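Chemist:
Chains as they are written, first to last, in this note's numbering: chain A, 9 to 389; chain B, 9 to 389.
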């Protein structure tokens, strides 16, 4: 039930969908036109009933499975989950993965050239919400001729999109698979996001978001944001068993160089991320997390009322060592679903990997996912 | 049993002790001479047996109780705990509070003028350890004519100093009061410290630690470090009940200004701190936390063996919502003490205030402290 089961989707070529119908965003700004880059794995069946949408999290993108080139060292970010014979089985499902609006991997975002000015949008790119993403994903479904998804699937921020689908387009989604997610951020979640944002916003190389024109990138801020993020993705115990107090050298240096291996790991992760990810996209993604709160407009943030429109069946999965979005947060969703007598399977999975567990191989987790997708297939796709 | 019980020590005048005997630090550097600023409350009794040392935590200092001027708005940082009729009762105890070596409140530290150059020590100030602090505190005790402390008391990093006293100078301490502390940092603790340090070290205004000469201060980095620190001092639940998802305005701005009250609170705390605290001292304090690990030199980090030298009695107190130094960490200390058949009282206190609870009024906490100090007094001080 782990990564050794199932094969690869092989080499894939990203595609681009162009949308020329204006999109009104939650913030009030209208985007006149935009592009979304996406990949597909497997074949859409004759009655177009086997399509599965993969929604990405904060730093994700459209390249979820397979390789871009035969000599690629790393496969797509969820290659362990998606492929022939894997839990999301591309021999049965037509899987679509996209880069969200505002992203930095090919979809229209802050680093895209604005055709009206010839310069990147930068600070002029509007903030987008989970609802906006789902609206834009619905238009992608239209272009692909998909009237209804067999399932919309995501972890973390991706799970929020799956949840939003059931409220924005209840007729267009049969199953929502919401992993390691939450119905809204807590004050602590927002606090961590704000520190990460302040690191970027106060980096002298940020230039109010228009750093592209200055030939610089706010790498210091982005690096700090990623280091901090990483701490919240891992569990205290997981970090303890992997790194503990192991030193990099034989003894302490008594200076500010790396002393402990955990420091080396975090700085490496921060440097790597700051080398390829767009800071404006990072800011925008964290804001989408903060704003997500579908229950807000209902009396006292009533999630049950917010989900009363939903018609889907649900798999809600959480990991016991995840302190970013703990199982309690998933149970809030489960309660709101059962309040509405909606079909829901809840899986609380033991793992030492914290929030990151949703990306990792784990026999129990993979068995839950495999069984749930077997069930979707058995319903007739 | 809370702040309304007991009075104030009134106006106090900080004093300065000069040490001209060289101090060899753990890092191998010798400090030829140094000053420590301190305050005292209450009267040393005839047989000099009623002295209590207060050790401060990361951002603390010598001004633990009373006022410096009659019109001061804020009293010392532990004024709720120390005073006539308070748990650490200055009618019975002679209380000494100092600013540690490396501090920025009057004791010799990185911002002190080096008499040899006429400029602040800056990057040339060595890193100090908890052991070094305890050594320097022992010399302060010598100057004050205190052969043995009735108690050494501290929360967090201060608790580590109290613990170290029992190992470095077992004959000179009768009671160690170790609150919200830990026998060593975890990988996660170190990770948070490293992000804070990287924020300061990579601030362009840091200038390798010699920012004084440039007429600037790395406020951006220090502000981020403090914002991050604050998240770890509060509990998720405490933050949730105080701030939740409350907005500052009536609706979302959809920009990077403050949206949520938690953001406003954190940025305010960060700005305030960056306005008065020295960045080099902050770095040095976090390193002292990282290095503290008295069990390290014993087989497989055996804390029981490290504490086999201790002769004191102990009060170990922890707070259930403290996720920085959770009760588990205090229980490790309790176990090592009971392994050595040392007298230990362990109190695990319910509080929503997280790590910061050690500074807050709480009836159960204050009752535990009061009873413990009553017992010390009853032993005859």
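Note that the Cβ used here is the ideal one computed from N, Cα and C, for glycine as well. The structure presented is a predicted model; accordingly, all values stated were derived computationally and were not measured.
(1) Could you give the residue range of the beta strand (DSSP E) that holds residue 200/B?
(2) Identify whether residue 11/B lies in helix, strand or coil by the three-state DSSP scheme.
(3) DSSP three-state label for residue 337/A, please.
(4) Hey, quick one: how far does the beta strand (DSSP E) through residue 363/A stretch, first residue to last?
(5) From residue 209/A to residue 266/B, what does the alpha carbon distance come to, in whole angstroms?
(6) Pull the bridge partners of residue 53/B from the DSSP assignment, please.
(7) Excluding sequence positions up to five away, which residues of its chain have a Cβ less than 8 Å from the Cβ of residue 214/B?
(8) Give a yes or no on whether the C-beta atoms belonging to residue 247/A and residue 277/A are separated by under 8 Å.
(9) Could you compute how far the alpha carbon of residue 123/A sits from the alpha carbon of residue 143/A?
(10) Could you give the distance in angstroms between the alpha-carbon of residue 355/B and the alpha-carbon of residue 232/B?
(11) Measure the alpha-carbon distance for residue 41/A versus residue 172/A and round it to whole angstroms.
(12) Return yes when the Cβ of residue 115/B is within less than 8 Å of the Cβ of residue 44/B, no when it is not.
(13) Measure the beta-carbon distance from residue 262/A to residue 274/B and round it to whole angstroms, keeping in mind my assumption that it falls under 8 Å.
(14) Going straight from the alpha carbon of residue 331/B to that of residue 244/A, what length do you get?
(15) Are the CB atoms of residue 127/B and residue 221/B within a distance shorter than 8 Å?
(16) Can you tell which of 102/B, 117/B, 82/B, 90/B has the C-alpha that lies nearest to the C-alpha of residue 292/B?
(17) Could you pull the start and end residues of the beta strand (DSSP E) that residue 106/A belongs to?
(18) Note down, in chain order, each residue of its chain lying with its Cβ closer than 8 Å to the Cβ of residue 335/A, except the 5 sequence neighbours on either side.
(19) At what residues does the beta strand (DSSP E) containing residue 154/B begin and finish?
(20) Which residues in chain B have a C-beta closer than 8 Å to the C-beta of residue 308/A? List them in chain order.
(21) Quick check: the Cα distance between residue 384/B and residue 347/B, rounded to an integer number of angstroms?
(22) Have a look at residue 378/A and residue 283/A and give me their C-alpha separation to the nearest angstrom.
(23) Cα separation between residue 242/B and residue 369/B?
(24) Less than 8 Å between the beta carbons of residue 178/A and residue 212/B, yes or no?
(25) Could you give the C-beta distance for residue 156/A and residue 181/A, rounded to a whole number, given that I count them as a contact under 8 Å?
(26) Rounded to whole angstroms, what's the CA-CA distance from residue 375/B to residue 94/B? Just pull it up for me.
(27) With the cut-off set at 8 Å, would you say residue 46/B and residue 77/B are in Cβ contact?
(28) Taking only runs of the alpha helix (DSSP H) that begin and end inside the stretch 293–349 of chain A, which ones reach a length of at least 4 residues, in chain order?
(29) Quick one: using the 10 Å Cβ neighbour count with 16 as the cut-off for buried, is residue 381/A buried or exposed?
(30) Using a Cβ-Cβ cut-off of less than 9 Å, list which residues of the stretch 289–303 of chain A approach chain B; keep chain order.
(31) If the cut-off is 7 Å on Cβ atoms, which residues from the stretch 193–214 of chain A count as contacting chain B, listed in chain order?
(32) Taking C-beta pairs closer than 9 Å, name the residues in chain B that residue 112/A reaches, listed in chain order.
(33) Which same chain residues end up closer than 6 Å to residue 119/A when comparing Cβ atoms and leaving out the 5 residues on each side of it in sequence?
(34) Mind listing the chain A neighbours of residue 252/B? Cutoff is C-beta to C-beta under 7 Å, in chain order.
(35) Using a C-beta cutoff of 8 Å, does residue 271/B count as contacting chain A?
(36) Closer than 8 Å is the cut-off here; do at least three beta carbon pairs connect the stretch 144–153 of chain B with the stretch 309–321 of chain B?
Modeler: So, to answer that:
(1) Premise fails: residue 200/B lies in the alpha helix (DSSP H), 195–209, not in any beta strand (DSSP E).
(2) Low confidence applies to residue 11/B: its pLDDT is 45, below 50, so where it sits in the model is not reliable, and the reading given next is rough at best. Residue 11/B: coil per DSSP, three-state reduction.
(3) helix
(4) Per DSSP, residue 363/A belongs to no beta strand (DSSP E) and is neither H nor E.
(5) 13 Å
(6) Note: residue 53/B sits in no beta bridge, so no partner.
(7) 208, 226, 229, 287
(8) no
(9) 23 Å
(10) 33 Å
(11) 23 Å
(12) yes
(13) Not confirmed; about 31 Å, so no contact.
(14) 10 Å
(15) yes
(16) 117/B
(17) 102–106
(18) 326, 327, 328, 356
(19) Taken as a continuous stretch (DSSP letters only), residue 154/B belongs to no beta strand (DSSP E), as it is neither H nor E.
(20) Here the premise fails: no neighbours, minimum Cβ distance about 11 Å.
(21) 23 Å
(22) 35 Å
(23) 15 Å
(24) no
(25) 7 Å
(26) 10 Å
(27) no
(28) 311–314, 335–347
(29) buried
(30) 291, 295, 298, 299, 301
(31) 194, 195, 196, 198, 199, 200, 202, 203, 205, 206, 207, 209, 210, 212
(32) Under the 9 Å cutoff, chain B gives no residues; its nearest Cβ is about 18 Å from residue 112/A.
(33) 112, 128, 286
(34) 195
(35) yes
(36) no
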